[in-house]
Each structure stands twice: as C-alpha cells, then as structure tokens.
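Residues 1 to 141 in full-length UniProt numbering are what the sequence shown lists, from first letter to last.
For every residue, glycine included, the Cβ atom is placed at its ideal position computed from N, Cα and C.
Report on the structure given below.
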Amino acid sequence: MTTPGTARLRQLRRAKDLMDRDWAEPLDVDAVAAHAGYSRYHFVRAFKAAYGETPGRYLTRRRVERAEELLRCADLSVTEICVRVGFSSLGTFSARFKELTGTSPSAYRARHVRRGAALIPGCYAMLWTGGFKERNSGEAG
C-alpha cells in the first residue's frame with residue numbers, strides 16, 4: 001500500500017532524477033515541477049522540505065560538482081567547462097563555484113593540476129560529456 005507521503009517522495013525523486021540526469025541541459029523550475037506533477041511553488045516548498053535545499057540550489061551544486069571533475073581532469077578552458085555544465089554566464093558560474101568551493105575555478109584547477117592529475121585532451125572530454133552530436137544517418141560524409 002502506498003501512503004500519501006511515499007507517493008509524494010516518489011514524485012520528488014522523479015524530479016531529482018531528472019536534474020541528476022539532465023544537469024547540463026537548460027532546466028527551469030516550471031519544467032522540473034511539471035515533470036513531478038507539482039505546481040512551481042508547491043514543488044519548491046516540498047523539495048526543500050524533503051531534501052533540505054531548493055531545486056535551484058540542488059541543480060547548481062550538481063553542476064559545480066561536475067565542473068570540479070572537469071577542472072581536475074579535462075584540458076578545457078574555464079569558459080568551455082562553464083557552458084558544458086549548464087551555465088550560460090561565466091560570471092554566474094565563477095561566483096557560484098567560489099561560493100560552494102571557497103575558490104575560483106582557475107585556482108581550483110591550479111591546485112589540483114599541481115597534485116599530478118593528468119589532463120584529458122579537450123576532444124576526449126567533449127566526447128565524454130556529450131559535446132559531439134550524432135549525425136543523421138541520411139547525411140553525406
């Protein structure tokens with residue numbers, strides 16, 4: 001038997017799964033709320049009650065975590081990483097990154113590269129993060 005609380009958590013988990021899967025895509029709260037079957041404002045309140053942070057804050061944190069990984073191992077510029085993880089503004093990306101990690105993206109990279117992490121060439125990192133789109137089978141070439 002499914003209780004109302006269990007059903008609510010299942011709906012919220014669907015939204016969280018969407019953000020975990022499509023973190024690099026442009027996601028807005030209305031679309032994520034609709035995916036979970038909520039209105040925008042009810043969704044934000046319910047998500048925060050269940051997970052301790054707003055959906056926007058959760059998505060930002062996930063994107064910064066992905067950026068940390070790319071800064072440690074990919075030979076991409078900070079701007080390329082900013083776009084790759086779903087931010088549209090380098091200034092916003094840098095501010096959120098510093099807010100969550102205590103350091104700028106460039107300083108973060110410099111600290112971790114000095115520890116001997118080998119950088120993956122940018123073309124491989126782009127492939128790994130889905131940066132290359134598949135061609136249509138009807139195209140020549």
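- Counting the other Cβ atoms within 10 Å of the Cβ of Thr60 gives 16 or more, which makes it buried.
- Proximity to Cys73 across Arg14, Thr54, Gly91 and Tyr108 peaks at Tyr108, based on C-alpha coordinates.
- In the assembly as shown, Arg10 is an exposed residue. Its beta-carbon has fewer than 16 other beta-carbons within 10 Å.
- In the three-state DSSP reduction, Ala24 falls in the coil class, being neither helix nor strand.
- Annotation for Gly91: the continuous alpha helix (DSSP H) segment containing it runs Leu90 to Thr101.
- Within the same chain, and ignoring the five residues on either side of Ala33 in sequence, the residues whose Cβ sits closer than 6 Å to its Cβ are Arg40 and Phe43.
- Counting along the chain, the unbroken alpha helix (DSSP H) around Phe43 starts and ends at Arg40 to Tyr51.
- The beta carbon of Arg63 sits closer than 6 Å to those of Trp23, Val85 and Gly86, all from its chain and outside the five residues before and after it, given in chain order.
- Under the three-pair Cβ rule at 8 Å, the segment 51-58 does not count as touching the segment 91-98.
- Here Lys48 has Thr54 as same chain residues with Cβ atoms under 6 Å from its own Cβ, once five neighbours each way along the sequence are excluded.
- DSSP places Thr79 in the uninterrupted alpha helix (DSSP H) bounded by Val78 to Arg84.
- The Cβ atoms of Leu27 and Met19 lie closer than 8 Å to each other.
- Boundaries of the alpha helix (DSSP H) harbouring Thr60: Pro55 to Cys73, taken from the DSSP string.
- The three-state reading of DSSP puts Ser106 in helix, counting H, G and I together.
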